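In the working numbering, the protein residues as written are 806 to 1067.
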(Lines of atoms letter the chains of each structure in order from A and count residues from 1; the text may use other names and numbers.)
(Lines give C-alpha, C1' and ligand atoms only; values in the text may rest on other atoms or scores of the structure.)
Protein backbone atom coordinates (compact mmCIF):
# COMPACT_ATOMS: atom_id res chain seq x y z
CA UNK A 1 0.00 0.00 0.00
CA UNK A 2 1.34 3.43 -0.94
CA UNK A 3 1.53 5.92 1.92
CA UNK A 4 0.52 9.42 0.90
CA UNK A 5 2.70 12.02 2.59
CA UNK A 6 1.14 15.11 4.08
CA UNK A 7 3.18 18.27 3.52
CA UNK A 8 2.75 21.92 4.41
CA UNK A 9 2.36 23.95 1.24
CA UNK A 10 2.43 27.76 1.13
CA UNK A 11 -1.08 29.00 0.40
CA UNK A 12 0.21 31.64 -2.01
CA UNK A 13 1.37 28.81 -4.31
CA UNK A 14 -2.11 27.33 -4.62
CA UNK A 15 -5.12 28.02 -6.77
CA UNK A 16 -8.48 26.26 -7.06
CA UNK A 17 -8.49 23.77 -9.94
CA UNK A 18 -10.74 24.79 -12.84
CA UNK A 19 -11.82 21.12 -12.86
CA UNK A 20 -13.31 21.42 -9.38
CA UNK A 21 -17.01 20.64 -9.67
CA UNK A 22 -18.00 22.96 -6.83
CA UNK A 23 -18.65 26.33 -8.46
CA UNK A 24 -20.94 27.67 -5.75
CA UNK A 25 -18.93 27.68 -2.54
CA UNK A 26 -21.64 28.89 -0.17
CA UNK A 27 -21.15 30.49 3.25
CA UNK A 28 -17.86 29.66 4.92
CA UNK A 29 -18.43 31.26 8.33
CA UNK A 30 -19.11 28.04 10.26
CA UNK A 31 -16.22 26.22 8.60
CA UNK A 32 -13.81 29.07 9.34
CA UNK A 33 -14.93 29.12 12.98
CA UNK A 34 -14.43 25.35 13.24
CA UNK A 35 -10.95 25.48 11.70
CA UNK A 36 -10.00 28.42 13.91
CA UNK A 37 -11.11 26.49 16.99
CA UNK A 38 -10.09 22.91 16.14
CA UNK A 39 -7.55 23.30 13.36
CA UNK A 40 -7.74 21.61 9.96
CA UNK A 41 -8.73 18.00 10.63
CA UNK A 42 -8.33 16.75 7.06
CA UNK A 43 -5.64 17.78 4.54
CA UNK A 44 -6.57 19.02 1.09
CA UNK A 45 -5.51 17.25 -2.11
CA UNK A 46 -3.48 19.10 -4.73
CA UNK A 47 -1.90 18.33 -8.08
CA UNK A 48 0.63 19.96 -10.36
CA UNK A 49 -0.80 21.32 -13.61
CA UNK A 50 0.73 23.75 -16.08
CA UNK A 51 3.48 24.65 -13.64
CA UNK A 52 1.01 25.49 -10.86
CA UNK A 53 -0.35 23.68 -7.82
CA UNK A 54 -4.11 23.23 -7.97
CA UNK A 55 -6.54 22.37 -5.19
CA UNK A 56 -8.50 19.33 -6.39
CA UNK A 57 -10.20 18.32 -3.13
CA UNK A 58 -10.85 20.66 -0.21
CA UNK A 59 -11.73 23.92 -1.93
CA UNK A 60 -13.83 25.20 0.99
CA UNK A 61 -11.12 24.25 3.50
CA UNK A 62 -8.50 25.99 1.37
CA UNK A 63 -10.54 29.20 1.05
CA UNK A 64 -11.34 29.19 4.77
CA UNK A 65 -7.69 28.82 5.78
CA UNK A 66 -6.73 31.53 3.30
CA UNK A 67 -9.36 33.86 4.81
CA UNK A 68 -7.98 33.11 8.28
CA UNK A 69 -4.59 34.33 7.14
CA UNK A 70 -2.75 31.02 7.24
CA UNK A 71 0.63 30.96 5.50
CA UNK A 72 0.67 27.22 4.83
CA UNK A 73 -1.90 24.40 4.67
CA UNK A 74 -1.58 20.61 5.14
CA UNK A 75 -1.92 18.93 1.76
CA UNK A 76 -1.44 15.66 -0.07
CA UNK A 77 0.23 16.01 -3.45
CA UNK A 78 -0.99 13.56 -6.12
CA UNK A 79 -0.23 12.97 -9.79
CA UNK A 80 -3.60 13.23 -11.49
CA UNK A 81 -4.72 13.55 -15.10
CA UNK A 82 -7.55 15.94 -15.92
CA UNK A 83 -10.05 13.08 -15.91
CA UNK A 84 -8.74 11.67 -12.63
CA UNK A 85 -8.91 15.12 -11.04
CA UNK A 86 -12.52 15.56 -12.20
CA UNK A 87 -13.51 12.09 -10.93
CA UNK A 88 -11.86 12.70 -7.56
CA UNK A 89 -13.50 16.11 -7.13
CA UNK A 90 -16.94 14.83 -8.13
CA UNK A 91 -16.73 11.67 -6.01
CA UNK A 92 -15.55 13.47 -2.90
CA UNK A 93 -18.25 16.11 -3.11
CA UNK A 94 -21.05 13.64 -3.88
CA UNK A 95 -20.02 11.46 -0.93
CA UNK A 96 -20.18 14.48 1.36
CA UNK A 97 -23.72 15.15 0.06
CA UNK A 98 -23.16 18.89 0.35
CA UNK A 99 -22.76 19.73 -3.32
CA UNK A 100 -25.09 22.21 -4.97
CA UNK A 101 -27.44 20.12 -7.20
CA UNK A 102 -26.64 22.18 -10.29
CA UNK A 103 -22.88 21.93 -9.68
CA UNK A 104 -23.37 18.18 -9.27
CA UNK A 105 -25.32 17.93 -12.51
CA UNK A 106 -22.79 20.01 -14.45
CA UNK A 107 -19.82 18.07 -13.06
CA UNK A 108 -21.50 14.76 -13.86
CA UNK A 109 -22.35 15.93 -17.37
CA UNK A 110 -18.76 17.03 -17.96
CA UNK A 111 -17.40 13.65 -16.87
CA UNK A 112 -19.92 11.71 -18.99
CA UNK A 113 -19.06 13.78 -22.07
CA UNK A 114 -15.36 13.09 -21.47
CA UNK A 115 -15.93 9.34 -21.13
CA UNK A 116 -18.27 9.33 -24.12
CA UNK A 117 -15.31 10.16 -26.34
CA UNK A 118 -14.18 6.56 -25.81
CA UNK A 119 -17.45 4.64 -25.29
CA UNK A 120 -21.20 4.86 -25.98
CA UNK A 121 -22.97 7.48 -23.89
CA UNK A 122 -25.16 4.89 -22.12
CA UNK A 123 -22.04 3.01 -21.02
CA UNK A 124 -20.48 6.30 -19.88
CA UNK A 125 -23.55 6.96 -17.71
CA UNK A 126 -23.35 3.44 -16.25
CA UNK A 127 -19.64 3.93 -15.53
CA UNK A 128 -20.21 7.22 -13.73
CA UNK A 129 -23.12 5.74 -11.79
CA UNK A 130 -20.96 2.85 -10.59
CA UNK A 131 -18.11 5.21 -9.69
CA UNK A 132 -20.40 7.39 -7.59
CA UNK A 133 -22.33 4.49 -6.07
CA UNK A 134 -25.61 5.65 -7.62
CA UNK A 135 -28.16 4.07 -9.93
CA UNK A 136 -28.26 5.17 -13.58
CA UNK A 137 -31.78 6.58 -13.03
CA UNK A 138 -30.37 8.95 -10.40
CA UNK A 139 -27.68 10.12 -12.80
CA UNK A 140 -30.29 10.77 -15.50
CA UNK A 141 -32.35 12.79 -12.99
CA UNK A 142 -29.31 14.95 -12.25
CA UNK A 143 -28.72 15.52 -15.96
CA UNK A 144 -32.34 16.44 -16.62
CA UNK A 145 -31.93 19.42 -14.31
CA UNK A 146 -29.73 20.94 -17.01
CA UNK A 147 -32.74 20.88 -19.38
CA UNK A 148 -34.78 23.17 -17.10
CA UNK A 149 -34.98 26.96 -17.03
CA UNK A 150 -32.84 29.13 -14.78
CA UNK A 151 -35.89 29.85 -12.61
CA UNK A 152 -36.45 26.13 -11.96
CA UNK A 153 -32.76 25.53 -11.25
CA UNK A 154 -32.78 28.37 -8.76
CA UNK A 155 -35.80 26.87 -6.96
CA UNK A 156 -34.00 23.53 -6.74
CA UNK A 157 -30.90 25.24 -5.35
CA UNK A 158 -33.04 27.07 -2.79
CA UNK A 159 -34.68 23.73 -1.88
CA UNK A 160 -38.12 25.09 -2.68
CA UNK A 161 -38.65 22.02 -4.87
CA UNK A 162 -36.84 18.68 -4.72
CA UNK A 163 -34.21 17.59 -7.23
CA UNK A 164 -36.38 14.76 -8.58
CA UNK A 165 -39.30 17.16 -9.04
CA UNK A 166 -37.03 19.60 -10.88
CA UNK A 167 -35.89 16.76 -13.14
CA UNK A 168 -39.49 15.83 -13.95
CA UNK A 169 -40.22 19.45 -14.87
CA UNK A 170 -37.79 19.02 -17.77
CA UNK A 171 -40.52 17.00 -19.51
CA UNK A 172 -42.62 20.16 -19.87
CA UNK A 173 -42.10 22.95 -22.42
CA UNK A 174 -39.74 25.57 -21.01
CA UNK A 175 -42.50 28.14 -21.09
CA UNK A 176 -44.44 26.08 -18.54
CA UNK A 177 -41.68 24.87 -16.26
CA UNK A 178 -41.30 27.90 -13.99
CA UNK A 179 -45.06 28.41 -13.66
CA UNK A 180 -45.64 24.80 -12.64
CA UNK A 181 -42.69 24.89 -10.24
CA UNK A 182 -44.08 28.03 -8.61
CA UNK A 183 -47.50 26.42 -8.06
CA UNK A 184 -45.88 23.28 -6.63
CA UNK A 185 -43.96 25.46 -4.20
CA UNK A 186 -46.96 27.59 -3.26
CA UNK A 187 -49.15 24.53 -2.71
CA UNK A 188 -46.40 22.80 -0.67
CA UNK A 189 -46.90 19.60 -2.66
CA UNK A 190 -45.04 16.50 -1.55
CA UNK A 191 -42.66 14.86 -4.03
CA UNK A 192 -45.12 12.09 -5.12
CA UNK A 193 -47.93 14.59 -5.46
CA UNK A 194 -45.77 17.07 -7.39
CA UNK A 195 -44.68 14.36 -9.83
CA UNK A 196 -48.31 13.33 -10.41
CA UNK A 197 -49.26 16.98 -10.88
CA UNK A 198 -46.55 17.42 -13.53
CA UNK A 199 -47.80 14.34 -15.37
CA UNK A 200 -51.34 15.72 -15.16
CA UNK A 201 -50.25 19.07 -16.63
CA UNK A 202 -48.26 17.39 -19.43
CA UNK A 203 -51.44 15.63 -20.60
CA UNK A 204 -53.25 18.99 -20.87
CA UNK A 205 -50.92 21.18 -22.97
CA UNK A 206 -53.63 23.73 -23.82
CA UNK A 207 -54.73 24.37 -20.25
CA UNK A 208 -53.23 26.98 -17.94
CA UNK A 209 -50.62 25.30 -15.72
CA UNK A 210 -52.04 26.82 -12.55
CA UNK A 211 -55.60 25.90 -13.49
CA UNK A 212 -54.55 22.34 -14.39
CA UNK A 213 -52.81 21.80 -11.04
CA UNK A 214 -55.76 23.29 -9.11
CA UNK A 215 -58.04 20.89 -11.01
CA UNK A 216 -55.69 18.00 -10.24
CA UNK A 217 -55.78 18.83 -6.53
CA UNK A 218 -59.56 18.99 -6.51
CA UNK A 219 -59.86 15.70 -8.36
CA UNK A 220 -57.47 13.94 -6.01
CA UNK A 221 -58.97 15.39 -2.85
CA UNK A 222 -60.36 12.36 -1.02
CA UNK A 223 -61.09 13.74 2.40
CA UNK A 224 -62.72 16.64 4.14
CA UNK A 225 -61.57 18.19 7.39
CA UNK A 226 -63.56 19.11 10.44
CA UNK A 227 -61.45 20.19 13.40
CA UNK A 228 -61.84 21.85 16.74
CA UNK A 229 -58.82 23.93 17.76
CA UNK A 230 -57.86 25.44 21.13
CA UNK A 231 -58.10 29.22 21.12
CA UNK A 232 -54.33 29.82 21.26
CA UNK A 233 -53.62 27.44 18.37
CA UNK A 234 -56.48 28.87 16.35
CA UNK A 235 -55.02 32.36 16.78
CA UNK A 236 -51.56 31.25 15.61
CA UNK A 237 -52.96 29.40 12.60
CA UNK A 238 -55.27 32.29 11.78
CA UNK A 239 -52.39 34.78 11.70
CA UNK A 240 -50.28 32.40 9.62
CA UNK A 241 -53.18 31.79 7.22
CA UNK A 242 -53.60 35.53 6.68
CA UNK A 243 -49.93 35.94 5.74
CA UNK A 244 -50.26 33.09 3.21
CA UNK A 245 -53.71 34.22 2.03
CA UNK A 246 -55.13 30.77 2.77
CA UNK A 247 -57.85 29.32 4.96
CA UNK A 248 -57.00 27.43 8.14
CA UNK A 249 -58.63 24.35 6.66
CA UNK A 250 -56.37 24.53 3.59
CA UNK A 251 -53.26 24.84 5.75
CA UNK A 252 -54.27 21.74 7.73
CA UNK A 253 -55.13 19.91 4.50
CA UNK A 254 -51.67 20.63 3.07
CA UNK A 255 -50.04 19.44 6.29
CA UNK A 256 -51.98 16.18 6.06
CA UNK A 257 -50.97 15.76 2.40
CA UNK A 258 -47.30 16.11 3.29
CA UNK A 259 -47.67 13.75 6.25
CA UNK A 260 -49.35 11.11 4.09
CA UNK A 261 -46.90 11.63 1.22
CA UNK A 262 -49.65 12.44 -1.23
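Note that CB positions come from ideal geometry on N, CA and C, so glycine has one too.
Keep in mind that this is a model prediction, so the values were computed, not measured.
Integer-rounded CB distance, given that residue j should sit under 8 Å from residue i
i            : j           : result
residue 867  : residue 819 : 6 Å
residue 974  : residue 962 : That pair is no contact at about 14 Å.
residue 1003 : residue 977 : 7 Å
residue 1014 : residue 969 : That pair is no contact at about 19 Å.
residue 905  : residue 951 : With 8 Å as the limit, residue 905 and residue 951 do not qualify as a contact, their Cβ atoms being about 13 Å apart.
residue 966  : residue 986 : 6 Å
residue 830  : residue 865 : 6 Å
Outcome for residue i when other beta-carbon atoms lying within 10 angstroms are tallied against a minimum of 16
i            : result
residue 1045 : exposed
residue 1060 : exposed
residue 916  : buried
residue 1108 : Because the chain spans 806 through 1067 in this model, residue 1108 falls outside it and cannot be assessed.
residue 846  : exposed
residue 998  : buried
residue 960  : buried
residue 809  : exposed
residue 992  : buried
residue 1010 : exposed
residue 925  : exposed
residue 849  : buried
residue 888  : exposed
residue 813  : exposed
Beta-carbon gap between residue i and residue j smaller than 7 Å
i           : j            : result
residue 990 : residue 972  : no
residue 920 : residue 826  : no
residue 880 : residue 837  : no
residue 893 : residue 862  : yes
residue 828 : residue 908  : yes
residue 851 : residue 882  : yes
residue 891 : residue 824  : yes
residue 941 : residue 877  : no
residue 954 : residue 979  : yes
residue 988 : residue 1018 : yes
Residue(s) in a DSSP beta bridge with residue i
i           : result
residue 851 : 860 and 882
residue 877 : 815
Per-residue DSSP class, three states only, for residue i
i            : result
residue 954  : coil
residue 995  : coil
residue 961  : helix
residue 813  : strand
residue 821  : strand
residue 762  : In the structure displayed, the chain extends from 806 to 1067; residue 762 sits before or after that span and is not available.
residue 938  : coil
residue 978  : coil
residue 841  : helix
residue 871  : helix
residue 967  : coil
residue 865  : helix
residue 831  : coil
residue 904  : coil
residue 846  : coil
residue 922  : coil
residue 973  : helix
residue 899  : helix
residue 1041 : helix
residue 948  : helix
residue 1008 : coil
residue 826  : coil
residue 1056 : helix
residue 1047 : helix
Any C-beta of chain D under 7 Å from that of residue i
i           : result
residue 968 : Protein chains in the displayed structure number just one, and chain D is not present.
Cβ-heavy atom distance, residue i to the ligand FMN, below 6 Å
i           : result
residue 931 : Absence of the ligand FMN is noted for the structure shown, with no ligands found whatsoever.
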